[in-house]
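>
Number of protein chains: 2
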Amino acid sequence: MPRTRQNEQASGKPPSLDYDIANRLFFRLYQASNLMHKQGTRYVAEFGTTTQQWAVIGALAHPSVIDRGMTVKALVEFLGVSRQNLAILLNRLEDRRWTERIKDREDGRSRRIRLTATGRSVWTAMQKPIEAFYTAALADFSPDERTILYRLLDRLKTGLATT
Amino acid sequence: MPRTRQNEQASGKPPSLDYDIANRLFFRLYQASNLMHKQGTRYVAEFGTTTQQWAVIGALAHPSVIDRGMTVKALVEFLGVSRQNLAILLNRLEDRRWTERIKDREDGRSRRIRLTATGRSVWTAMQKPIEAFYTAALADFSPDERTILYRLLDRLKTGLATT
DNA sequence: GTAATTATATCAATATATTGATATAATTAC
DNA sequence: GTAATTATATCAATATATTGATATAATTAC
């Protein structure tokens, strides 16, 4: 992954250009992701939240689900994380009274996760630092480039999901 | 981050298109990264290694450092991870006899991390599944698109590093 | 009505990844 | 020669993120 410079295999044969580009690409994905979490967390440090928690809150804040909440299953699928990992994340948010678990009236097995009033106002307060983060992180990109990158990443995500 | 659909702020004002695209972009970065680790680890499962360990081994396998190794400091900088995290990673690789720590003759404080002969042959054996992973993950991309994505990610990494 | 399936919760184990802090030895600055 | 700085190692605490497995209750299939 991190062999960003030309390399020779033990057999003495140089890697293909495809391999090299892919290698560089995925190494950048690794680095960018770590930095996103590191810097993103800095921008919302005043709330004591992490980028992952902000992802969950953001999902729950969407107008189409903000009143009814989302099932655990829907959140797992939407965020693309494991159930166990999400459970711990949710416990943390619930401990802080930002989210609540309510019974799903349509399916007795199910629980819906919903933002509390506190969670909503926290999310609102977070908008400014979140926007500041986005602005700073993408300062070097034109609007077109942002859209292109978004689309390419979307396709990469899909490719990885079906690998 | 995960508000991939049009949203209204609590104040009733829709987010700017910039905010929305950025939001989608970083959510995709999150998802793609998690999937990269998940699937990448699958492809090298036979070696019992993780994507992060493969990143370290790959760095150490480069011809410009394969004989002399790299200092811990250089590895920290190259990989962009914390010293503590790298230390644990290195301990794992060393426990497996894939890497070794040797004295740096030019600086008595320093240790150079180097691939062992075993580490080298493991790396060689890993090339096939690594290449298979790259091929599968990027099956939907043209060569041009791969290069474009790599470059955009590189710039994103740089932007995040200086945020 | 019963077996199979599903939603949730939880336990366990393992591996990142960050920040803060300390200690020792070697190198550099003055 | 001494203070300041640096490289490494390590301890601590916290938060992801994955896989495997189990249990209970509710729903679906037949």
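So the protein lines, in turn, are chains A and B.
Residue 901 is where the first sequence starts when you use our numbering, and the numbers rise one by one after that.
Residue 901 is where the second sequence starts when you use our numbering, and the numbers rise one by one after that.
Positions of the beta carbon are idealized from the N, C-alpha and C atoms, including for glycine.
1. Just checking D1040(B) against the ligand COA - is the residue's beta carbon closer than 6 angstroms to any of the ligand's heavy atoms?
2. Taking the continuous alpha helix (DSSP H) assigned at I1030(B), which residues delimit it?
3. Considering only residues of the same chain and omitting the five flanking positions on each side of S911(A), which have a CB-CB separation below 7 angstroms?
4. Decide if A961(A) is buried, meaning its Cβ has at least 16 other Cβ atoms within 10 Å, or exposed.
5. What is the DSSP secondary structure of S911(B), reduced to helix, strand or coil?
6. Would you list the residues sitting across from R1001(A) in a DSSP beta bridge?
7. Report the three-state DSSP secondary structure of M936(B) (helix, strand or coil).
8. Which bits of chain A does P1029(B) rub up against, with CB to CB less than 8 angstroms?
9. Using a Cβ-Cβ distance cut-off of 7 angstroms, determine whether A910(B) contacts chain A.
10. With R1014(A) and G969(A) assumed to form a contact (beta carbons below 8 angstroms), what rounded beta-carbon distance in angstroms separates them?
11. With the cut-off set at 7 angstroms, would you say L989(B) and V956(B) are in Cβ contact?
12. Run the CB neighbour count on R1012(A), radius 10 Å, all protein chains shown included, and call it buried at 16 or more, exposed below.
13. Just to confirm the assignment, what range does the alpha helix (DSSP H) spanning G1008(B) have?
14. Cβ closer than 7 angstroms: which chain A residues qualify as neighbours of A1039(B)?
15. Would you verify that the beta carbon of G958(A) is, or is not, closer than 7 angstroms to some beta carbon of chain B?
16. Go ahead and pull the three-state DSSP assignment for T1062(B).
17. For T1063(A) versus A1037(B), is the C-beta spacing smaller than 7 angstroms?
18. Going by DSSP in three states, T950(A) sits in which element: helix, strand or coil?
19. Identify the contact partners of Q939(A) in chain B, using a Cβ-Cβ distance below 7 angstroms as the criterion.
20. Taking 7 angstroms as the threshold (beta carbon to beta carbon), is N907(A) in contact with chain B?
To lay it out plainly:
1. In the structure on display, the ligand COA does not appear, and there are no ligands present to speak of.
2. Its alpha helix (DSSP H) spans residues A1017 to A1037.
3. Confidence at S911(A) is low in this model, with a pLDDT of 42, below 50, so its placement is unreliable and the value that follows should be read with caution. If we look at S911(A) and ignore the five residues flanking it on each side, it has no Cβ neighbours.
4. buried
5. Its pLDDT being 42, under 50, S911(B) is placed unreliably in this model, and the coordinates cannot settle the point.
6. When beta bridges are read from the DSSP output, R1001(A) appears opposite I1013(A).
7. helix
8. Simply none; closest approach about 12 angstroms.
9. With a pLDDT of 42 at A910(B), under the threshold of 50, the modelled position of this residue cannot be trusted; read the value that follows with caution. A Cβ of chain A is located within less than 7 angstroms of the beta carbon of A910(B).
10. 3 angstroms
11. yes
12. buried
13. Counting along the chain, G1008(B) falls outside any alpha helix (DSSP H), and DSSP gives it neither H nor E.
14. G1059
15. yes
16. coil
17. yes
18. coil
19. What Q939(A) touches in chain B: L1060 and T1063.
20. Unreliable placement is indicated for N907(A), whose pLDDT of 44 sits below 50; no coordinate value is reported for it.
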